[in-house]
Amino acid sequence: MTPAARRIVAILLAVAELVAMLLALFLAAMSVMMFDAPGSELKPELWRAFYATWALPAALFVGSGFAVAAAIRFTRFRILAALLIPAAAFLWLVVAMASL
1 MTPAARRIVA ILLAVAELVA MLLALFLAAM SVMMFDAPGS ELKPELWRAF
51 YATWALPAAL FVGSGFAVAA AIRFTRFRIL AALLIPAAAF LWLVVAMASL
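When the sequence shown is numbered by full-length UniProt numbering, its final residue is 100 and no position is left out of the sequence of numbers.
And the structure:
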């Protein structure tokens, strides 16, 4: 892959992660509704799901930062971090939601 193609892929990844972060931020803002029922704030599985929901926008933001850094100066570590950090947060979210 040419350096210009690597830079374009990294920029597209950063933009995609920022757009996904906006959606994840909306879902995280709506996650407080999990605690509407009386006594639901005492359930630890709801708190795990709440924290996992809020971790996803943060991980997408960090991942987009790594993608921007990879666009400026490409290294395999930066592009791998841009992919794996949001993937780990998404996996944590899936596991937390499955426990509900």
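Just so you know, even glycine gets a beta-carbon here, dropped at the ideal spot from N, CA and C.
From a predicted model like this one, the values you see are computed outputs, not experimental measurements.
### Query
According to the neighbour-count rule (16 or more other Cβ atoms, all chains shown, within 10 Å of its Cβ), is I85 buried or exposed?
buried
### Query
When DSSP labels each residue in this structure, what does F77 get in the three-state scheme?
helix
### Given L12 as reference, the closest of F50, P57, R76 and A82 once Cα atoms are compared
A82
### Test item: CB-CB of A87 and R78 under 7 angstroms
no
### Where M34 falls: helix, strand or coil (DSSP)
helix
### Query
Per DSSP, what kind of secondary structure is G39 in: helix, strand or coil?
coil
### DSSP three-state assignment for residue 104, whether helix, strand or coil
Outside the shown range of the chain, which is 1 to 100, sits residue 104, and nothing can be said about it.
### Query
The alpha helix (DSSP H) with S64 in it runs from where to where?
P44 to I72
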